[in-house]
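So the structure is just underneath, and the comments pick up after that.
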Amino acid sequence: MRRDNIFWGGALILVGVLFLLQTQNIIPSIFPFLWPLALMLFGIWMIVSVYWKPGSSNEETFSVPLQNAKTVKYKFSHGAGQIEINGGAPAGIALVGLSADGMNENSRLDGDRLSVRVEAGASFVPFIGPSGGVFKFKLSNDVPAIISVETGASQLDMDLTDVPASEIRLETGASSSNLTLPARGSYHLDLEAGAASINIRVPDGVSGRIRVNEGLTSINVDTSRFLQLDARLYQSADYDNATNRAEISIEAGLGSINIR
Numbered sequence: 000m001r002r003d004n005i006f007w008g009g010a011l012i013l014v015g016v017l018f019l020l021q022t023q024n025i026i027p028s029i030f031p032f033l034w035p036l037a038l039m040l041f042g043i044w045m046i047v048s049v050y051w052k053p054g055s056s057n058e059e060t061f062s063v064p065l066q067n068a069k070t071v072k073y074k075f076s077h078g079a080g081q082i083e084i085n086g087g088a089p090a091g092i093a094l095v096g097l098s099a100d101g102m103n104e105n106s107r108l109d110g111d112r113l114s115v116r117v118e119a120g121a122s123f124v125p126f127i128g129p130s131g132g133v134f135k136f137k138l139s140n141d142v143p144a145i146i147s148v149e150t151g152a153s154q155l156d157m158d159l160t161d162v163p164a165s166e167i168r169l170e171t172g173a174s175s176s177n178l179t180l181p182a183r184g185s186y187h188l189d190l191e192a193g194a195a196s197i198n199i200r201v202p203d204g205v206s207g208r209i210r211v212n213e214g215l216t217s218i219n220v221d222t223s224r225f226l227q228l229d230a231r232l233y234q235s236a237d238y239d240n241a242t243n244r245a246e247i248s249i250e251a252g253l254g255s256i257n258i259r
């Protein structure tokens, strides 16, 4: 059963109760109660969405064919709620994900590069987001990728362990993000964050160089892996000669960033 059906069913029942009370002259009019009722319903729905994760067997999916592209440029924009981005799309597919009324997807092949853009609205709103409350997307593991993600008040979980990305850009607002970087190749992560809590995991076997620009963010870096060279620079001892390495640039406001 879709959660939005339950939401609207509950809303209609409550409005019906108000009409019944009006016909019985218990309340003079239903209209003064509609706005408080809407706020209460929306608040309850947001709380329920956190704890209730229905199965995804009835959720509709979409896919974007790879079309023999040699590289893929992904751009995700997400307003609010929860979003998951991982590798593991089937062979010959650039992107597979959950469909929803609040999501727009378009793609364009230019030579041997495929550009894919996804705009996803609020995932927790019952008549906009996916029925499971979480936007979920899988990227191709087969071709090099450039990935850009912009989020607002979001909870982002992104695992790129098996995705051969060369460039990753993450721009977040007041959000919570968990990011696992690719396990192979040489790539750059450009992070811009507002009042955010961000956890970054660099896979074993990947060297790193981390530059932190000015900001009030609390930075917690695993200095057993990434030696602190100065106040805003951390680097693996073997970074210059490493085949698998991540260059990380961070610009952040208030918040906290953990790198392991």
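Numbering of the sequence shown is given in numbering that gives the first Met the number 0, commencing with residue 0 and proceeding in unit increments. Heads up, the beta-carbon is just placed ideally off N, CA and C, and yes, glycines get one too. None of these values were measured; they are calculated from a predicted model.
- Boundaries of the beta strand (DSSP E) harbouring R244: 244–251, taken from the DSSP string.
- Taking C-alpha positions only, A251 is separated from A93 by approximately 31 Å.
- Closest option to A119, judged by alpha-carbon separation, among F136, L108, G110, D111: F136.
- T179 sits away from D161, with the two beta carbons spaced by 7 Å or more.
- Using a Cβ distance threshold of 7 Å, A99 and L138 do not count as a contacting pair.
- Distance from the CA atom of K69 to the CA atom of L155, rounded to whole angstroms, is 27 Å.
- Here I197 really is in contact with I256; their C-beta atoms are around 5 Å apart, less than 8 Å.
- Note that the stretch 230–248 touches the stretch 204–220; at least 3 beta-carbon pairs, one per stretch, sit closer than 8 Å.
- When secondary structure is reduced to three states using DSSP, F225 falls in the coil class, being assigned neither helix nor strand.
- Taking the CA atoms as reference points, E191 sits about 44 Å from L13.
- A10 is a Cβ neighbour of L40, given a cutoff of 7 Å.
- It is roughly 14 Å from the alpha-carbon of R224 to the alpha-carbon of E246.
- A Cβ-Cβ separation of about 5 Å places L65 in contact with G91 under the 8 Å criterion.
- With respect to A144, V71 sits close: the two C-beta atoms are nearer than 7 Å.
- Cβ neighbours of N103 within its own chain (closer than 7 Å, five residues either side excluded): E118.
- Here the C-alpha atom of L226 lies approximately 46 Å from the C-alpha atom of E59.
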